[in-house]
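See below for the structure under consideration.
Protein chains: 2
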Amino acid sequence: MSDRPTGDIEALIALMARLPGLGPRSARRAVLHMLRKRTQVMEPLARSLAMVAERARECRNCGNIAEADLCAICANPERGNGEICVVEDIADLWAMERGCGFRGRYHVLGGTLSALDAMGPDELGIPALIERLQPEAVGEVILALNATVEGATTAHYIAEALAPHGVKVTTLAQGVPMGGELDYLDDGTISAALAARRKL
Amino acid sequence: MSDRPTGDIEALIALMARLPGLGPRSARRAVLHMLRKRTQVMEPLARSLAMVAERARECRNCGNIAEADLCAICANPERGNGEICVVEDIADLWAMERGCGFRGRYHVLGGTLSALDAMGPDELGIPALIERLQPEAVGEVILALNATVEGATTAHYIAEALAPHGVKVTTLAQGVPMGGELDYLDDGTISAALAARRKL
C-alpha cells in the first residue's frame, strides 16, 4: 500500500474524492493532471484555495458568501433598490446573478422549512429578512424558491410572515422553459403554464 | 459580473473547472461544497495541495512521482527483485499497484512512440531503461503497455532495443477480462483469447 501513490498524494486524492461530482477514479485523474501541470494548475489552485478558505465568510446581511462583513452585492449601494430576492441557497443566488438582470439584493435562506432537518423560521433567517424591510426600504420581496413541495411550503410561510408588513410579495412565474418542448414537459408545468397564459 | 461569486471565488471556480472530469457547473458545486465545509474540507484540501505541490517531483530512477530523489518503490530494497515493469504513465503504474501483486520496480515512459508528438526513444527514457539493467541486475522486463496500436508499436520497439542485452522481455497476457461476457467483447479480444487458449 505504502508503495503506491505516496502518503501525501494518497491523502490528496482521498480529499478530492470527497468533493461532489468526483469519485476516487476522477479524483486520481484530477490529481495526476495537477501533478503533471504543477506550476500551471496545482500551485495556483493551492494558493487560490488557501486564500478563499482564509477570506470567505457569510455576509452579515444576506447570507451570501462574502470576503468582508458584507458581500459584494449588499456592499453595492446601487443594489439597494428596495427589492429583495429570497433564494434557498447560494447556488440559486449565483444562478439568478448569471441568468437575469435582477438589480436588487438577496436573502439566502440556507434551506427550506423542514421539521425533519429541524429547519425552522429562525434557522432560515426569516426574522432577519423581516428586520431588513425597514432599513433597506424594501418595497418588494421576490420569492425565487425552487419549484418543489418544500420550496412552495416555505414560500407560503414567508408570504404570510410578510403580510403584516405591507410589502409586495411576488414569486417567479411558472411556465414552459425557453426551448422547452411540450412533449417533454411534465403535466404540472403544462397546466401551470396554461393557467398563467397571457395575451399575445 | 463583479457582483456574483466574488473575485477570489470566481477564480477558484475557474481553476477547478480546468481539472479533468470537472466543468464550470461541477466546479461551482464543488466550490460551494467546500465553502460550506470550510474546516472539514476546504482547509485540509488547501494544505494537502500546497504540500504535494511543494514536495512532489519525478523519481530520478523510474519516472514515478516521488517526494524525494527516489520514489517509494525505487527506495524500497525489497522491490529490487530484478523485475522492471514498463508502463506508459503513472496512472498505469498506480493501476498495476492497485491490481496485482507485482513486487518489482517500474519504468514510466510518459507516453508512447509518436512522430506527431515528437515522442522518440529518448523522450520515453528508453536509454535510461537500458542503463538500469546492469546496476539493478534486471532479469526480466515486463511490458505493461496499453493494448492500443501505439502501445503495441512502442512495446515492439522496446523489445528490439532490449534484445542485445540478453534480458527476458515479457508482456501482459491478452484475453477475456474477469467477468467479461463474450457477447460484449470486441472480436480482437476474443480472437486473441482464442489464440492464447490454455489447457484447463
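Chains as they are written, first to last, in my numbering: chain R, 1217 to 1416; chain X, 1217 to 1416. Heads up, the beta-carbon is just placed ideally off N, CA and C, and yes, glycines get one too.
Backbone CA spacing between residue i and residue j [nearest angstrom]
| i | j | result |
| --- | --- | --- |
| X/Ala1331 | R/Arg1244 | 29 Å |
| R/Ile1229 | R/Leu1251 | 11 Å |
| R/Leu1325 | R/Leu1340 | 5 Å |
| R/Asp1219 | R/Glu1283 | Here the model assigns R/Asp1219 a pLDDT of 45, short of 50, so the residue's position is not dependable and the matter cannot be decided. |
| X/Arg1321 | X/Glu1376 | 21 Å |
| R/Val1267 | X/Asp1224 | It should be pointed out that residue 1267 of chain R corresponds to Met in this sequence rather than to Val. When rounded, the distance between both Cα atoms is 8 Å. |
| R/Gly1404 | R/Val1392 | 10 Å |
| X/Met1258 | R/Val1247 | 16 Å |
| R/Lys1415 | R/Leu1235 | 47 Å |
| R/Asp1338 | R/Glu1352 | 20 Å |
| R/Leu1359 | R/Trp1310 | 15 Å |
| X/Ala1411 | X/Gly1382 | 27 Å |
| X/Ser1407 | X/Leu1286 | 41 Å |
| R/Arg1254 | X/Ala1233 | 16 Å |
| R/Met1394 | R/Arg1276 | 35 Å |
| X/Leu1401 | R/Gly1237 | 29 Å |
| R/Arg1263 | R/Asn1292 | 27 Å |
| R/His1372 | R/Met1335 | 15 Å |
| R/Ala1409 | R/Phe1318 | 22 Å |
| X/Met1217 | R/Glu1313 | Bear in mind that a pLDDT of 41 at X/Met1217, under 50, signals an unreliable position, so the model cannot answer this. |
| R/Glu1226 | R/Asp1333 | 34 Å |
| X/Gly1315 | X/Asp1308 | 10 Å |
| X/Arg1413 | X/Ala1363 | 18 Å |
| X/Ala1269 | X/Gln1390 | 37 Å |
| X/Gly1271 | R/Leu1398 | Note on residue identity: the sequence assigns Arg, not Gly, to residue 1271 of chain X. For X/Arg1271 and R/Leu1398, the distance between alpha carbons rounds to 56 Å. |
Listed by chain order, chain R residues near residue i by CB distance under 8 Å
| i | result |
| --- | --- |
| X/Gly1320 | Near X/Gly1320 there are no residues of chain R at all, since even the closest Cβ is about 11 Å away, more than 8 Å. |
| X/Met1335 | Residues of chain R passing the Cβ test: none, with the nearest at roughly 15 Å. |
| X/His1249 | Leu1235, Pro1236 |
| X/Ala1227 | Ser1264 |
Chain-ordered chain X contacts of residue i [CB-CB under 8 Å]
| i | result |
| --- | --- |
| R/Leu1231 | Val1257, Pro1260, Leu1261, Ser1264 |
| R/Ala1307 | Arg1244, Arg1245, Leu1248 |
| R/Arg1254 | Ala1269, Ala1272 |
Bridge-paired residues (DSSP) for residue i
| i | result |
| --- | --- |
| X/Met1335 | X/Ser1330 |
| X/Arg1314 | In the DSSP output, where bridge partners are listed per residue, X/Arg1314 has none listed. |
| X/Arg1244 | According to DSSP, which records beta bridges pairwise, X/Arg1244 is partnered with nothing at all. |
| X/Arg1321 | X/Ile1300 |
Under 9 Å by beta carbon: chain R residues contacting residue i
| i | result |
| --- | --- |
| X/Gly1355 | What X/Gly1355 touches in chain R: nothing, since even the nearest Cβ is about 20 Å away. |
Contact check, residue i vs residue j, beta carbons under 8 Å
| i | j | result |
| --- | --- | --- |
| R/Leu1345 | R/Val1302 | yes |
| X/Gly1279 | X/Thr1328 | no |
| R/Ile1342 | R/Ile1300 | no |
| R/Thr1370 | R/Leu1378 | no |
| R/Arg1295 | R/His1323 | no |
| R/Leu1261 | X/Leu1388 | no |
| X/Cys1355 | X/Gly1298 | Here residue 1355 of chain X is Gly; the residue named in the question, Cys, does not match the sequence. Yes, Cβ-Cβ distance for X/Gly1355 and X/Gly1298 is below 8 Å. |
| R/Ile1306 | R/Ile1281 | yes |
| R/Val1385 | R/Val1365 | no |
Per-residue contacts from residue i into chain R (C-beta, under 7 Å)
| i | result |
| --- | --- |
| X/Ser1242 | Gly1237 |
Interface residues of chain X facing residue i [CB-CB closer than 7 Å]
| i | result |
| --- | --- |
| R/Arg1271 | Asp1224 |
| R/Met1267 | Asp1224 |
List in chain order: all unbroken alpha helix (DSSP H) runs of 4+ residues lying wholly within the stretch 1274–1307 of chain R. 1288–1291
Contained beta strand (DSSP E) runs [length at least 3] in the stretch 1324–1403 of chain R, N- to C-terminal order: 1356–1359, 1384–1387
Report the residue ranges of all alpha helix (DSSP H) runs contained in full by the stretch 1248–1274 of chain R; include only those spanning at least 4 residues, in chain order. 1259–1271
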